Amino acid sequence: EGKLPKHASTLFGVSVLSPSSVSLVVISSNTKQPIRVNSVGTPIKVRIAIDKTLSVEQGSNWQNGLSCAYYVNAPTNSANGLGSLSFEGCEALQSSEDFIECKCDHLTEFVAAIDPSKTNCGDGIIQSEESDDGSTEPEECDDGNTDGLDGCSPGCQIEEGAQCWPVGTKSECCAPCNAGSQRIGCILMGNGTGGICELCPPNTRKATRGQWDSKCTDCPKGQVSGTGATSCAIEAPCDAGNYRPNEGDSCRPCAAGTFKANQGA
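Just so you know, we're using this note's numbering here: the sequence shown kicks off at 3 and counts up by one.
In structure tokens form, the structure reads like this:
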């Protein structure tokens, strides 16, 4: 939990929706103060809870501009000593009524907030031009929602591995499927032809999300898998709800509080 004010509807002129900030910082051994770390080699993922009381205050379309903002310390020569919130360096991955998850390339304090540059995102109208004042960035896509992992990101940018195209005013997308599944029936440049994700059939596997058209591939000779597998093995897979702790062990039920949805490998 960070040090920014809790349950604040606005901070530094930005509408905020998280009950508190999330702190991912490095502390200076000399000053004992947080050090802002930029350009992290491998972006970090941060998940921030949504305060439903604050989201109600934003109206019915509050998710359209939802993103992750981070705190920027005030410059040393600042007249008022106040910092600010910035959205640069953070990309929204997925969100719901309860949380938002972002990928960021720095360490600091984060909050869930409304990005003014993305308030039109999710309205089903592709905004292809930047506004005159520069406050609204061009949208690469707009599929009428702010969901993640459907080809068009919560920030209306085409997600990695996806392809999107305009159908009327909005976007249609072919999105990658999760590991262990493949997209069936997606027709590029079609209308309502995004297709569906289906689990990999037995004796095939798919290790990563990959591209939208990445397919399940056959297991190597002498190895097998069940439905929805991300890998193959010599031994037959256990049924859903059961697992094999080690090679050569018999299948046993998943422990309390855990689950296995598919056969897998």
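Even glycine gets a Cβ: it sits at the ideal position worked out from N, Cα and C. As the structure is a prediction and not an experimental result, all values here were calculated from the model.
query	result
Proximity test, proline 255 beta-carbon vs the ligand ATP heavy atom, cut-off 6 Å	This structure does not include the ligand ATP; it has no bound ligands of any sort.
DSSP state of serine 119 mapped onto helix, strand, coil	helix
C-alpha distance - isoleucine 189 paired with proline 178, whole-angstrom precision	13 Å
Exposure label - alanine 257; buried when at least 16 CB within 10 Å	exposed
Glutamine 165: first and last residue of the uninterrupted beta strand (DSSP E) it sits in	165 to 169
Euclidean distance between Cα positions of leucine 13 and tryptophan 214	39 Å
7 Å Cβ cutoff met for serine 183 and arginine 207	no
Spatial distance of serine 137 from glutamine 129 (CA atoms)	At serine 137 the pLDDT is 49, less than 50, meaning the model places this residue with poor confidence; the figure from the coordinates comes in the next sentence. Distance between the alpha carbons of serine 137 and glutamine 129 is about 12 Å.
Separation of lysine 223 from alanine 238, as counted between CA atoms	14 Å
Residue closest to alanine 181, alpha-carbon to alpha-carbon, out of Asn193, Ala209, Gly163, Leu87	Ala209
Cβ shell of lysine 8 (< 7 Å), same chain only, five flanking positions each side left out	Pro21, Ser22
Assigned exposure category for aspartate 135 - 16 Cβ within 10 Å defines buried	In this prediction, aspartate 135 has a pLDDT of 48, which is less than 50 and means its spatial position is unreliable; nothing more can be read from the coordinates.
Buried versus exposed call for arginine 254 [16 or more other C-beta atoms within 10 Å across all chains shown]	exposed
Contact check, isoleucine 160 vs isoleucine 102, beta carbons under 7 Å	no
Length of the line joining the Cα atoms of glutamate 162 and cysteine 175	12 Å
Pairwise C-alpha distance: glycine 157 and threonine 44	21 Å
Which listed residue (Asp100, Asp125, Leu151, Gly126) has its alpha carbon closest to that of glutamate 93	Leu151
Selection from Pro247, Gly230, Gly187, Tyr245 that minimises the alpha carbon distance to asparagine 264	Gly230
Given aspartate 125 as reference, the closest of Phe112, Pro168, Gly146 once Cα atoms are compared	Gly146
Those residues which DSSP pairs with arginine 211 across a bridge	BP columns for arginine 211 are empty, so no partner.
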